[in-house]
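Beneath this line is the structure, given in structure tokens, with notes to follow.
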Amino acid sequence: MKYVLFAILLFASTSVQSQTLVNKKWLNKEWDAKWITCPDEDPQAFGVYHFKKTFTYPASTGKFIVHVSGDNRYQLFVNGKYVGNGPSRGDLMHWRFESFDIAALLKPGENIISATVWNFAEKKPLAQISYQTGFLLQADELQNSVVNTNRSWMVIKDNAYRPLDVKVRGFYAGGPGEQFDAAKHPWNWNISDPAVLAWPAAKETIPASPLKSMQAYGEPTGYVLVPREIPAMQETNQRFTVVRRSDIKAGDFLKGKSPLLIPANKKISILIDQGWLTNAYPSLSFSKGKEATIRLIYAEALLDKNNAKGNRNEIEGKRIEGIEDIVMADGGDDRSFRPLWWRTFRYVGLEIETKEQALTINDFFSTFTGFPLAEKARFECNDTSLTAIWKAGWLTQRLCAGETFFDCPYYEQLQYAGDARIQSLVSSYVSGDTTLMRNALIALNDSRFPDGLTQSRYPTNRIQIIPTFSLVWITMIHDYYMHCKDDKLIKELLPGVTGVLDWYEQRMDASGMVGATEWWDFVDWVRQGWTNGAPPGAYPGQSSVISLQYVYTLQKAALLYKAFGWNDRTTHYEQQAEKIKTAVKNMCFDEKKKLVADLPDKKSLSQHAYVLAVLTGIISPEERKAVMKNISADTSLAQCSYYFKFYFTEALRYAGLADQFTAT
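This is how it looks when you write it as structure tokens:
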């Protein structure tokens with residue numbers, strides 16, 4: 001007999017690391033600091049820039065808090081030591097800033113505060129919104145205002161960087177690869193160096209304004225500043241596991257114990273295996289090798305001659321392809337490269353070509369990064385396959401959780417409502433941390449259009465509307481309400497809930513079902529008779545699947561409105577749900593055959609219609625068990641994919657068959 005023990009945690013909204021450092025006065029007035037950029041450079045073009053300020057600091061006076069932002073992103077340093085990065089992703093009306101206490105990194109006398117800022121411009125990820133290249137730093141206290149960004153800062157463009165197009169199979173929405181020419185990089189730029197005195201002064205651009213400073217004329221100048229609402233990302237160094245194949249004896253260089261020498265005038269390839277999939281910043285340390293090139297290729301898995309991945313552990317007859325970085329050595333000592341943005345990989349290929357000078361690889365490791373989720377819940381089972389699934393599932397969740405949830409880290413790094421609902425529940429139940437769940441609800445609310453719908457994914461610089469994902473957003477709000485005491489946020493979101501439900505109500509037809517709709521009515525990736533994930537009848541109308549998803553959402557929304565005393569709305573949505581249920585039952589049910597069809601013509605059948613009929617209560621409690629058993633075995637039905645299996649499993653639980661989820 002198999003057994004499962006699942007220890008569930010109490011849910012809690014975690015405290016936000018940097019919010020405790022935010023002085024409320026900087027949320028209510030225009031900042032003294034100004035946004036700055038590099039003069040004589042196109043603020044919309046690709047560029048990597050180094051900003052620097054030298055100042056005198058007396059003996060420690062306690063905290064030294066600074067509030068920092070950038071566009072697209074920044075890395076902050078004090079006296080050459082890394083402080084943090086940001087800003088966490090948002091949009092122009094909700095542009096984040098981070099708060100850091102840098103007192104521990106300061107010393108009496110001369111100090112240097114600096115930042116690397118980059119703009120990926122037209123190569124930026126779909127998840128990245130931008131106004132123009134810029135950097136902003138505001139001291140919390142007047143006595144420390146010497147560090148405020150203005151014309152006293154110096155800046156230089158780093159011409160070592162060039163974006164590389166990414167060529168992968170399938171849709172790609174991430175950022176570019178990077179080419180780094182060590183000969184053009186200003187080494188030691190963020191420490192004391194006389195050469196820095198020749199840098200030009202930074203150019204002031206626009207005021208730094210939080211929402212409550214918007215008064216006269218009401219015209220935001222670029223960004224509306226808001227504090228970061230999530231903790232800093234975890235960053236943990238990790239070693240690569242093994243060299244799987246190499247044209248040269250690799251030795252122990254992966255352990256950081258001995259360098260790897262590449263002779264002059266050689267072309268060599270090395271395939272390195274991390275051992276598991278990871279999101280990380282690879283760090284390459286090298287010396288000499290003037291004019292040598294080092295290509296770093298990152299892949300989730302290797303490909304065979306048919307471009308199939310197959311067993312991820314097998315390498316025989318397979319090749320690596322994917323996102324690439326290219327490093328060009330300048331012949332100097334103790335050079336290093338770490339890409340500006342992290343990479344997703346299990347395998348890393350090094351393709352090295354040297355010229356007249358030998359190249360030394362001093363070290364190669366990576367730094368894992370991700371939202372700091374802790375695995376606090378426990379799963380125990382005497383079926384080892386389920387234990388392995390748990391481990392793989394939690395690793396997947398960790399890799400799909402950064403500053404937002406990701407649908408996938410390698411290809412897209414976008415936060416879709418459909419994926420985020422499931423990710424929210426998984427991360428919350430395993431870690432007890434609902435921070436990203438809350439963050440996703442707010443982000444999607446920020447994405448709303450005047451017609452009431454949310455965007456399908458957010459933040460993003462490319463609009464996509466999936467009305468059914470707006471429904472999923474509402475069910476996420478219900479999930480959050482059921483697990484967290486955060487009435488203030490729920491109340492703020494309820495007007496948006498009304499907007500989504502009203503959009504659907506306006507599209508009801510005379511039959512009582514959802515009629516013709518616009519945009520992409522995605523429900524699930526089904527190949528049997530569906531079009532791009534939309535069920536039959538989605539666009540002309542009278543789809544039982546779309547109508548029942550609306551009912552499923554109305555029922556959860558009614559519970560929210562009831563909880564907050566909005567009785568008229570509660571009654572209206574309860575009645576609306578019952579009307580649609582009646583219409584679907586009259587038009588798409590066959591009581592004799594116990595059939596739930598996708599359309600009134602009853603020619604198309606799917607597991608999805610049955611699942612939603614169970615979840616919405618159209619199928620009676622007495623019949624649920626038989627229905628779920630039947631559709632589990634009936635392969636003639638359009639089948640639920642992995643994504644919709646979440647709802648399938650929920651229906652099994654409604655039917656008292658939760659123990660059968662492994663059989664589906």
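Following the numbering used here, the numbering of the sequence shown begins with 1 at its first residue and continues without gaps. For each residue, glycine too, the CB sits at the ideal point set by N, CA and C.
Rounded to whole angstroms, the gap between the alpha carbons of Lys581 and Glu375 is 40 Å. A buried status is given to Val551, since no fewer than 16 other beta-carbon atoms sit within 10 Å of its beta-carbon.
Scanning the segment 435-511 for uninterrupted alpha helix (DSSP H) segments of 4 residues or longer gives 435-446, 467-483, 487-505, listed from N- to C-terminal end.
Unbroken beta strand (DSSP E) runs of no fewer than 3 residues, entirely contained in the segment 37-121, are found at 47-57, 65-71, 73-78, 81-86, 95-101, 109-119, following chain order. Note on geometry: alpha-carbon atoms of Tyr610 and Ile129 lie some 40 Å from one another. By a beta-carbon distance limit of 8 Å, Gly170 contacts Tyr411. Their separation comes to about 6 Å. Counting every other CB atom within 10 Å of its CB across the protein chains shown gives Lys52 a total of 16 or more, marking it as buried. For Pro207, the uninterrupted beta strand (DSSP E) run begins and ends at 203-207, by DSSP. For Ala173 and Val166, the gap between their C-alpha atoms comes out near 10 Å.
Using a Cβ-Cβ distance cut-off of 8 Å, the segment 104-119 and the segment 221-233 are not in contact, since fewer than three pairs of beta carbons, one from each stretch, lie closer than that value. Of the candidates Ala264, Ser470, Pro339, Pro339 places its Cα closest to the Cα of Tyr281. Here the alpha carbons of Asn630 and Glu178 stand approximately 53 Å from one another. Three or more beta-carbon pairs separated by less than 8 Å are not found between the segment 367-382 and the segment 323-333, which leaves the two stretches without contact.
Inclusion of Ser447 and Leu436 in the CB contact set at 8 Å is not warranted, their separation being larger than that value. Distance from the CA atom of Asp193 to the CA atom of Pro186, rounded to whole angstroms, is 10 Å. Around Leu303, the same chain offers Lys309, Lys318, Arg319, Ile320, Glu321 as residues with beta carbons nearer than 8 Å, after the five sequence neighbours per side are excluded. Proximity of the segment 518-526 to the segment 624-641 meets the contact definition, three or more beta-carbon pairs being nearer than 8 Å. Taking the Cα of Lys34 as reference, the smallest distance to any Cα among Val83, Glu41, Gly70 is reached at Gly70. Under the DSSP assignment, Glu380 falls in the beta strand (DSSP E) whose first and last residues are 378-381.
In the three-state reduction of the DSSP assignment, Glu178 falls in the strand class. Taking each of Asn72, Ala633, Gly537 in turn and checking the Cα distance to Lys123, the smallest one comes out for Asn72. Val545 is not a Cβ neighbour of Asp590, given a cutoff of 8 Å. Taking the C-beta atoms as reference points, Ala516 is found nearer than 8 Å to Gly541. Runs of the alpha helix (DSSP H) lying entirely within the segment 302-349 and spanning at least 4 residues: none are present.
Cβ contact annotation for Ile422 (same chain, cutoff 6 Å, sequence separation greater than five): Phe646, in chain order. With a minimum length of 3 residues, the unbroken runs of beta strand (DSSP E) contained wholly in the segment 247-305 fall at 260-262, 267-288, 293-299. Taking 8 Å as the cut-off, the Cβ atoms of Leu254 and Ile268 do not count as close. From the listed residues Ala633, Lys562, Ile315, the smallest Cα separation to Thr570 is found for Lys562.
Going by DSSP, Thr367 is part of the beta strand (DSSP E) stretching over 359-370.
Contact between Leu548 and Val584 holds, since their C-beta atoms are separated by about 6 Å, short of 8 Å. Comparing alpha carbon positions, the residue from Gly109, Asn190, Val242 closest to Phe55 is Gly109.
By the Cβ rule, the segment 21-35 does not count as touching the segment 75-94, because fewer than three pairs are nearer than 8 Å.
Selection Ala139, His94, Asn119, Ala121 evaluated against Phe100 yields Ala139 as nearest (Cα-Cα).
The beta-carbon separation of Met328 and Phe180, rounded to 7 Å, stays under the 8 Å limit for a contact.
Rounded to whole angstroms, the Cβ separation of Ile323 and Tyr298 is 5 Å, and the two are in contact under 8 Å. Ranked by how close their Cα comes to the Cα of Thr531, the residues Val78, Gly62, Ser604, Gly349 have Ser604 in first place.
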